[in-house]
Each structure stands twice: as structure tokens, then as C-alpha cells.
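The structure appears right after this line, and notes come after that.
In mature numbering (1 follows the signal peptide of the UniProt record, and there is no 0), the protein residues as written are -30 to -1, 1 to 566.
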């Protein structure tokens, strides 16, 4: 497997010509006597080349530095050509999968390729992003510079050239939006306007400051190559797009948050490889909420028994189960940091403690050296990067994963800081480190990009990614992480309850027309969400209705697979199973069984 993926068409840099050549190349392969496995690998590699050409920002984010100076060009011609290429890919992939001579690993790669091509066709035809999705434009624009700013991958002048090229690309995309956008949902359009405003303010202020000492993009600069001039042009272009959304789209936008029952059902089926329908997801999530609430009550009792004999225990022990649970949650939230420096230090300490724990308890093999940078999300990147894990990709597998820790300004109002630190309390942070770092996202990404076929990381399955992170939380606690302290286990169960709540309200919003008040009431009363997460849930379900189901659907499948593994033999060990899961890469969980 060629992990670096030297592009077939890298010297062309013409999406139109590149796609035509790829189409001819793969079509020729399918009509000759090329062995099925070789033909299948050619098809996968050719698709990656075409995808890199069509989505250079994504390719750059996954480590392809040659894509840094390119930006997406979504013309009607390029879109239609891309759709034709994906239709061809579906046809050829299905034909190869119908043969018996494809080896097991390649068969999985082809199944992933088939799902990716079908998703592209469905998303472009169902969602109509160029004409009906203002938020799609806002997302492309707000993340256009993220990889360039958070990673030091390019020589100084080349970095400046990439910045200018991307700023020009943003200007063109804004013009495309003004010309083509004719509809949209009101809630998502409002989000798009806020996102664009934040991005515009970042470009006008912090980006200008950040790049003040960058060299010119060329040795013979003129205004067209000037960073400052292109920042000005980009700010103006974004402002024009904002105005178009506010004046032309928002007044006639639909008010419902739902994407439609049929649309939602089809997306859910594709996202879960056909495992879930809305009714099945609603039933399973509802049952999970009941089960987890009961487990939380037991953990609250366990916490109560662990207390010394004092006034708190005396008052609490006489309460109802609900009151005891509320007291335990309050105690959990009171154990917290109160400033960004201590908060960051605790995350760093917990990360490396989790790494040692995984190794000492033989839970997984950790590749060395650890390539990880941990920092607070930079305030000057507001509008360009947010807290979260920014993994490396298969084009540059040894680059650092960047973990930007969520944060609140030390100068923020007391109420805002209190809500933030109550949500990100010490017990939650201790638990979530398993999800985000070891053996969760950092380890999952690191193993995948170095050991699994690249197609699996480039088109990662959401249920695997978030399901593995969620399952990692309980895997670590069951092994004794943080001494399985009652309040740390309670923090995990609360997160598990939140995952089920997300899935439940996603179905209800999109099939039963739930509105914001119903979602927030349900999240608070039934989901017991922490203040920060309850506040964010409505925006999450409106703007990412499918992604928020991944945590629940994926974790459910990993629990089942692990139970089956443990039941397979009295001597079944955890480490070989975890290693096999991670080495498979982020494939749909339903594809994991033959690989385990």
C-alpha cells in the first residue's frame, strides 16, 4: 500500500482533464484482462486522485501539501463531471464486488469506495448544496485556512502563496454563492450568517495581525499577490455573501428544522450501512436512556456510600434516589478547575497518564513516538479553528495530531466561566481523555493512517470514529482507569446518556417536528445534560442531524462486538482485539467481524 499516494494527476492541476483521464483509465481496465484485484486497487487509487483534485482542502487537511495552493472550484461543469465520475465508480465497483476473486481486505476497501461514491451522488442530488445550502458555503469558507494556520508544513513563501491562492478561492466561492444560492432553511441560514460574520471578523482582524510578517507570495509581487490586498477583497466578498443570505435567502427560508422524513431515513440508512431506521434508532435510544438512568442511580448510591460520615452524607442519605443522583451530579460538577492555565495543565497530565495506563494494562499497542501537540484553541483563530482533535492523515502519517483543548477566556463573565467549568469538570475530563486520546481518537487515527489502507481513513465511517471513542471510555474505566471512582464513572454514564439523547432528539426533530423548546426540555429533564452541552444541543441537532447519532449507533455496535469476543473463549484477551479493531481502520462496524 502506498501510504504517500503520489498523485497521478498532480502535474496537471486541471480537474477537468484529470477526471477525463481517470475515467478513461479505469474504464479501460474494466474491459481488459487485468486481474480483478489489480483492477480493484486501480479503481480505489484512481478515485483518491480524483477526490484530491475535487476536494483539495480536504486533501490538504489529510497531509497532502501539494494541495495547499489549490481551492475548490464548484462550477456546474465540474460538479456534473464529478457526479458522472461517481456514477462510473459505483458501476465498476459493484461489478468487481460481484466477482469471487477479490481478496478480503480489498473487498472491504471497495465496499467503502462504493459507499463513498453513493454518498457523493446522494448528497449532491438530495441536498443541492450550491443552490439550497447556505451553511455549506459557510463551512467551506470558515475552514478554508484551518490546516494552513494550525500546521507548519510549508516554506515561508510557499505558505504565503497558499494563503493568497486560498483567499482568491474564497472570493470566487462567495461569488458562486451569490449567483447560485436561491433557497435555504431559516435556522441553518442564520447559523451560516453567524459563521460568516465570525470568519469575516477573524480575517479583518486577527488574520491580518497573524500574517503581518509573512513574506510576499512571489518574488515580483503586485497587488494581485498581496496578502493584505487579498484579505481586503476576501472580507468584502464574505460581507456581500452575508448580505445575500440576509436580504435574499432568509426572508423566504423555511422555518422547520427537519430535513424531511424520507431524506432523514435515507441518510440514516447510508450512514449506518442499513442497520438503522428512524423507528429502530428511536426505540434503541429510548431504551438506552432508561437503562443508563438506572445505572446512574446506582453510581450515585455508590458515591454516597464512599462519603465520610459528615453533614453532607447525613442530609443526602435521607433523600429520594432522584435527589441523591442530583447531589452526586452537583458534587461531580463542583470538582473543577477555574482558569485556563490549570485547565490545560490538567489535560496534558491526563493525556500522558492515559497513555501510560493503556500500556501498563495491556489494552492496546501504541505506536512510537507519540506525535501529539496539546494546546488551548488559539483565540486569534476564532472563526478558523475550534477545540477538538485535528488528526494527521494518510498523506502525511507521521505528522502531529493537534489536540486543541476547549476553553473559555479568563476574562469571560463569571456565569459563562462557571457553566463551562461545571461542564468540563475534573471527572468529565478524566473520563473524556479516553475518548479523545488513548485509546480513543488519537490512537485510532494514528494506527489507521500508518497501518490501514488510505481509503479507510480518507472516507472514515462516523459510527466507527465516534463509537470507538465512546466505547473507549468504558473500556478504560472497566480496566481501572481513575480507580473507577464513582463520580468519574457517573461522568461517563452522563455522557452515555447524552449520546442516546442526541440520537433520540435527532429522530424526533426530523420525523416528529420537535422544536427548540421540546428539545431543550427533554435534554434537561430526561437527558440530564450539563449546562454547556444542553445549550449546544439544539444547534447540533439543527446543523449536524446525522453526525450526532454516530456516538450512540457506533458504541452500541462496539459493545456487542466486544461482548462476543469475550464470550468466544475463557482466555480471550483485550489487547489483540483492540489492536485488530484499530488496524482495520475506521470502517463501518458491520464490516469489522471478518477482520476480528
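We put the CB at the ideal spot given by N, CA and C, even for glycine.
Secondary structure note for residue 63: its alpha helix (DSSP H) is the uninterrupted segment 46 to 67.
Annotation: the continuous beta strand (DSSP E) that includes residue 358 extends over 358 to 360.
Here residue 483 is exposed, its C-beta having fewer than 16 other C-beta atoms within 10 Å. Between the beta-carbon of residue 42 and that of residue 143 there is about 7 Å, and that keeps the pair under the 8 Å contact cut.
Taking residue 57 as reference, the option from 75, 88, 343, 31 with the minimal CA-CA separation is 88.
For residue 371, the enclosing beta strand (DSSP E) begins and ends at 371 to 375. Counting along the chain, residue 295 sits inside the alpha helix (DSSP H) bounded by residues 291 to 304. Within the model, the alpha-carbon separation for residue 165 versus residue 286 is close to 45 Å. In this structure, residue 292 sits away from residue 470, with a CB-CB distance that is not shorter than 7 Å.
With contacts defined as CB atoms closer than 7 Å, residue 425 and residue 14 qualify as a contacting pair. Along the region 82 to 123, the alpha helix (DSSP H) occurs as fully enclosed runs of 4 or more residues at 99 to 102, 104 to 112, 116 to 120, listed in sequence order. When DSSP states are grouped into helix, strand and coil, residue 155 belongs to the strand group. In the assembly as shown, residue 384 is an exposed residue. Its beta-carbon has fewer than 16 other beta-carbons within 10 Å. Here residue 64 is exposed, its C-beta having fewer than 16 other C-beta atoms within 10 Å. Going by C-alpha positions, residue 272 is about 21 Å away from residue 468. One alpha carbon belongs to residue 414, the other to residue 240, and they sit about 23 Å apart.
Note on geometry: alpha-carbon atoms of residue 296 and residue 465 lie some 15 Å from one another. Along the length of the region 152 to 238, whole alpha helix (DSSP H) runs at least 4 residues long occupy 156 to 172, 197 to 214, reported in chain order. As computed with DSSP, residue 277 is found in no beta bridge at all. Burial check for residue 559: the Cβ neighbour count within 10 Å reaches 16 or more, so the residue is buried. Residue 448 holds the alpha-carbon nearest to the alpha-carbon of residue 328 among 448, 266, 247, 237.
Annotation: the continuous beta strand (DSSP E) that includes residue 343 extends over 342 to 346. Under the three-state reduction of DSSP output, residue 338 falls in the coil class, being neither helix nor strand. Take the alpha-carbon of residue 154 and the one of residue 215: they are about 9 Å apart.
Boundaries of the alpha helix (DSSP H) around residue 446: 432 to 448. Between the region 196 to 210 and the region 452 to 460, the count of C-beta pairs closer than 8 Å stays below three; the two stretches do not touch.
When the five nearest sequence neighbours on each side are left out, the beta carbons in the same chain lying within less than 8 Å of the beta carbon of residue 167 are those of 212, in order along the chain.
Following the DSSP letters along the chain, one finds residue 457 inside the alpha helix (DSSP H) bounded by residues 456 to 481. In the three-state scheme derived from DSSP, where H, G and I count as helix and E and B as strand, residue 389 is classed as helix. By the criterion of a C-beta distance shorter than 6 Å, residue 486 is surrounded in its chain by 508, once the five residues flanking it on both sides are discounted.
In its chain, beyond the 5 residues on either side, 531, 551, 554 have a beta carbon closer than 7 Å to the beta carbon of residue 562. Here residue 267 has 291, 295 as same chain residues with Cβ atoms under 7 Å from its own Cβ, once five neighbours each way along the sequence are excluded. Taking C-beta separations shorter than 8 Å and ignoring five residues to either side along the sequence, the partners of residue 83 in its chain run 13, 14, 17, 59, 63, 425, 429, following chain order. Note that the C-beta distance between residue 364 and residue 427 is below 7 Å. Excluding five sequence positions before and after residue 525, the CB atoms of its chain that fall closer than 6 Å to its own CB belong to 437, 440, 441, given in chain order. Taken through DSSP and simplified to helix, strand or coil, residue 246 comes out as coil.
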